[in-house]
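Protein chains in written order, with the numbering used here: chain A, 746 to 1335; chain B, 448 to 601.
Taking it in order: structure first as structure tokens, then the write-up.
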């Protein structure tokens, strides 16, 4: 009888411990369940937390069952062991593309883990003592101790990281009444960085970049071009956000540093302009030397080298000329450039990190740095048209000439360059996907910000190749203009909801008529939405989409603003049924 | 391959556009202003025209088939001092005026949307009446691509 009472008393004390601690990790698990969408290390940490929570509950249950059995063995009544499993299911949020998270929730997470780390060791020791005092295995108590140790380590790491973030990221401790928002990428790779996988070794490369290693910048850019790590830009953004002011100041002078996706646009602009000035100095010196050599050695073989240097200087001139502010438009930001090879140029009208709406234009056949002026004009026209409609919302319009677009030159039939083959778009698509990752990663947190990508001509194929690399995350709307195909047979295969894939083409656009890269986007079977562009004379059809106040430009502006109900439609040419030429009927019905 | 070759041919020939306007930049500005003001004058409630500053700068001709040094001249004006409740009535009046003037209606907004797009006849200027956030309307017009001096530079 005495034995059974002692066992029962031990059971009741253990039961009280279980009641007090079985849900210890629930608040933290609930918070992680609600925030794992940020990606990076968050899902892995949420999983680890979930496993430790399950282990805590099963250890307590195991201890209670062992003590209950002991009571029975000593002739007592079998105690009813309570269920110790709980549910932490929360209403999973549907995050916007630029959504941040509440830093106070992360503070609550750290606090909750800290409390568990403080109280659970005591509970574990008491449980082990109860069990061993009755000749039972103390393992469940020891398990609690191990869980407490893990929790303590996580709490310490997260507290240190959160403190660092709060110290370096402005706006996370706003005055009362103002909501703060922690960028999701910073949570993913800054706060939960210890749990993030790093398939491309980016963390080590960033550490080297931080030390001023130029070769590490080159290697990171190479990884970036491949677009294999969708989290790379967010990792770069998180890394940059927690650097000291002195380190940042030093890094903007590093060659090619401004090409890293995920850096703030203003930083990229500053770094790129610095690098541009440095290149000018170096190339002018090289040209002087080459000119001297040419005169001294009179060797015609040196002419090629001289011309190469001169051509790069001309490209620098071109970029500098295009960076002059245009009246009535925001100052342009130089997001990327390269004067070697076919050249690169990425310029934004408006700050994409702060804009309510960002639109990126991707050009195709014959586009490139040397012919950038028209593409920059198109982006300015888009900015102007979208801004007319947007009220207080701000627009950033980006010209993205970030790949070797096919050219009408003797290399036309070279599979690597020709419009007739998709390889240029495949490579460009990777670079575009990566650039787009950077736009998301560097954007100020926002629950309403939008992103739109416009692919023109062959650029629509490049856009399609990029979209499929980032399904569900690429853009809110994709507009395909004069498209010869996007590499898929149906709009939904782009990873963008089909009703947000818009297809605009003049009925007489010869490039659109090519339709050779997958299904013709202009065909109803493709499943995109028809964007009316008006009807134009044959000779201007392929290039008339950006004409000021034109139907096509206005409708692109409407889609950019999400004002789908304001799209204008051509009146039917003939309201009578057209049996032989149905295209002359009411196009609004298609 | 044949279709591709034909396409390239079409692209290469497309610079041979017929009926190029011979206006110079100044004449294009005058025509744009005339198209807008004639339209505003035709409205039952005469609006005050407020110039949208960013519309003034000449645009580069964005037609790949035409020379880069041609320009497009445009202007846009907010229609002020008109009741916002009159937006649809204004749209109907603009449509009637453009049609009476022989211009072509190129596109229009659907139910409740006053937007109109047109093309002037016979000279092919782009015309617009557009709704913007805040229930504001603007009238705009843009020229076809013109040489700044009315002819190719030497």
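Every residue gets a Cβ at the ideal spot worked out from N, C-alpha and C, and that includes glycine.
Nothing here was measured: the structure is a model prediction, and the numbers come from that model.
Compute the beta-carbon to beta-carbon distance between residue i and residue j, rounded to the nearest angstrom, for a pair I have assumed lies under 8 Å.
i	j	result
residue 738 (chain A)	residue 865 (chain A)	Summary: the structure shown does not reach residue 738 (chain A), with chain A confined to residues 746 through 1335, and so no result is reported for it.
residue 1203 (chain A)	residue 577 (chain B)	About 31 Å separates the two Cβ atoms, so there is no contact after all.
residue 1277 (chain A)	residue 1231 (chain A)	That belief does not hold up - the Cβ atoms of residue 1277 (chain A) and residue 1231 (chain A) are roughly 20 Å apart, past 8 Å.
residue 1249 (chain A)	residue 1290 (chain A)	7 Å
residue 1025 (chain A)	residue 997 (chain A)	No, residue 1025 (chain A) and residue 997 (chain A) are not in contact; Cβ-Cβ is about 17 Å, not under 8 Å.
residue 1150 (chain A)	residue 1171 (chain A)	With 8 Å as the limit, residue 1150 (chain A) and residue 1171 (chain A) do not qualify as a contact, their Cβ atoms being about 13 Å apart.
residue 1198 (chain A)	residue 1219 (chain A)	7 Å
residue 947 (chain A)	residue 980 (chain A)	5 Å
residue 471 (chain B)	residue 595 (chain B)	7 Å
Could you compute how far the alpha carbon of residue i sits from the alpha carbon of residue j?
i	j	result
residue 1089 (chain A)	residue 863 (chain A)	56 Å
residue 551 (chain B)	residue 563 (chain B)	11 Å
residue 1146 (chain A)	residue 1066 (chain A)	16 Å
residue 483 (chain B)	residue 495 (chain B)	12 Å
residue 1309 (chain A)	residue 1303 (chain A)	6 Å
residue 1071 (chain A)	residue 1103 (chain A)	19 Å
residue 1284 (chain A)	residue 1246 (chain A)	Interpretation of residue 1284 (chain A) is limited by its pLDDT of 37, a score under 50 that renders its predicted location unreliable; the figure taken from the coordinates is listed afterwards. One C-alpha to the other measures close to 27 Å.
residue 962 (chain A)	residue 843 (chain A)	26 Å
residue 760 (chain A)	residue 845 (chain A)	41 Å
residue 1126 (chain A)	residue 781 (chain A)	40 Å
residue 1300 (chain A)	residue 949 (chain A)	46 Å
residue 964 (chain A)	residue 1006 (chain A)	13 Å
residue 572 (chain B)	residue 590 (chain B)	5 Å
residue 972 (chain A)	residue 811 (chain A)	54 Å
residue 1261 (chain A)	residue 777 (chain A)	46 Å
residue 585 (chain B)	residue 575 (chain B)	8 Å
residue 1251 (chain A)	residue 527 (chain B)	34 Å
residue 1105 (chain A)	residue 1222 (chain A)	11 Å
residue 513 (chain B)	residue 523 (chain B)	24 Å
residue 1293 (chain A)	residue 1177 (chain A)	27 Å
residue 1282 (chain A)	residue 1122 (chain A)	Residue confidence for residue 1282 (chain A) is low, a pLDDT of 43 falling below 50, so the modelled location carries little weight and cannot support an answer.
residue 1040 (chain A)	residue 1063 (chain A)	27 Å
residue 1226 (chain A)	residue 554 (chain B)	18 Å
residue 499 (chain B)	residue 583 (chain B)	12 Å
Would you check if the distance between the CB atom of residue i and the CB atom of residue j is smaller than 7 Å?
i	j	result
residue 1136 (chain A)	residue 580 (chain B)	yes
residue 469 (chain B)	residue 597 (chain B)	yes
residue 987 (chain A)	residue 913 (chain A)	yes
residue 855 (chain A)	residue 896 (chain A)	no
residue 817 (chain A)	residue 756 (chain A)	no
residue 1111 (chain A)	residue 1153 (chain A)	yes
residue 1054 (chain A)	residue 1083 (chain A)	no
residue 1183 (chain A)	residue 1207 (chain A)	no
residue 1114 (chain A)	residue 1027 (chain A)	no
residue 1186 (chain A)	residue 982 (chain A)	yes
residue 753 (chain A)	residue 808 (chain A)	no
residue 802 (chain A)	residue 762 (chain A)	no
residue 848 (chain A)	residue 800 (chain A)	no
residue 1311 (chain A)	residue 534 (chain B)	no
residue 1100 (chain A)	residue 1140 (chain A)	yes
residue 790 (chain A)	residue 940 (chain A)	yes
residue 927 (chain A)	residue 899 (chain A)	no
residue 479 (chain B)	residue 547 (chain B)	no
residue 1212 (chain A)	residue 1241 (chain A)	yes
For residue i, list the residues DSSP reports as bridge partners.
i	result
residue 1142 (chain A)	A:1094, A:1104
residue 497 (chain B)	B:525
residue 578 (chain B)	B:584
residue 1081 (chain A)	A:1091
residue 1274 (chain A)	A:1247
residue 1226 (chain A)	A:1201, A:1249
residue 928 (chain A)	A:845
residue 519 (chain B)	B:506
residue 552 (chain B)	B:565
residue 1235 (chain A)	Looking at the DSSP assignment, residue 1235 (chain A) forms no beta bridge with any residue, so it has no partner.
Within 9 Å of chain B by C-beta, residues of the stretch 1202–1217 of chain A in sequence order: Residues passing the 9 Å Cβ filter: none.
Short-range partners of chain B found in the stretch 1064–1090 of chain A, where Cβ spacing is below 9 Å: Those residues of the stretch 1064–1090 of chain A placed with their C-beta closer than 9 Å to a C-beta in chain B are 1071, 1072, 1073, 1074, ordered along the chain.
Selection of the stretch 540–565 of chain B by Cβ proximity to chain A, strictly under 7 Å: Going along the stretch 540–565 of chain B in chain order, one finds 552, 553, 554, 555, 556, 557, 560, 562, 564 with a Cβ nearer than 7 Å to chain A.
Where the stretch 501–515 of chain B meets chain A: residues whose CB sits under 7 Å from a CB there: Per Cβ criterion, the list reads 501, 504, 506, 507, 509, 510, 511, 512, 515.
Interface positions of the stretch 518–540 of chain B facing chain A (Cβ-Cβ less than 8 Å), listed along the chain: Answer in chain order: 519, 521, 523.
Residues in the stretch 1118–1137 of chain A having any Cβ partner in chain B nearer than 7 Å: Going along the stretch 1118–1137 of chain A in chain order, one finds 1118, 1119, 1122, 1123, 1126, 1129, 1133, 1134, 1135, 1136 with a Cβ nearer than 7 Å to chain B.
Contact set between the stretch 568–599 of chain B and chain A, restricted to residues whose Cβ is under 8 Å from the partner: Among the residues of the stretch 568–599 of chain B, those with a Cβ less than 8 Å away from any Cβ of chain A are 573, 574, 575, 577, 578, 579, 580, 581, 585, 587, 588, 589, in the order of the chain.
Near-chain B residues of the stretch 944–972 of chain A (beta-carbon distance less than 8 Å), N- to C-terminal order: For the stretch 944–972 of chain A, which is checked against every Cβ of chain B, not one residue is closer than 8 Å.
Interface residues of the stretch 819–836 of chain A facing chain B [CB-CB below 7 Å]: Per Cβ criterion, the list is empty.
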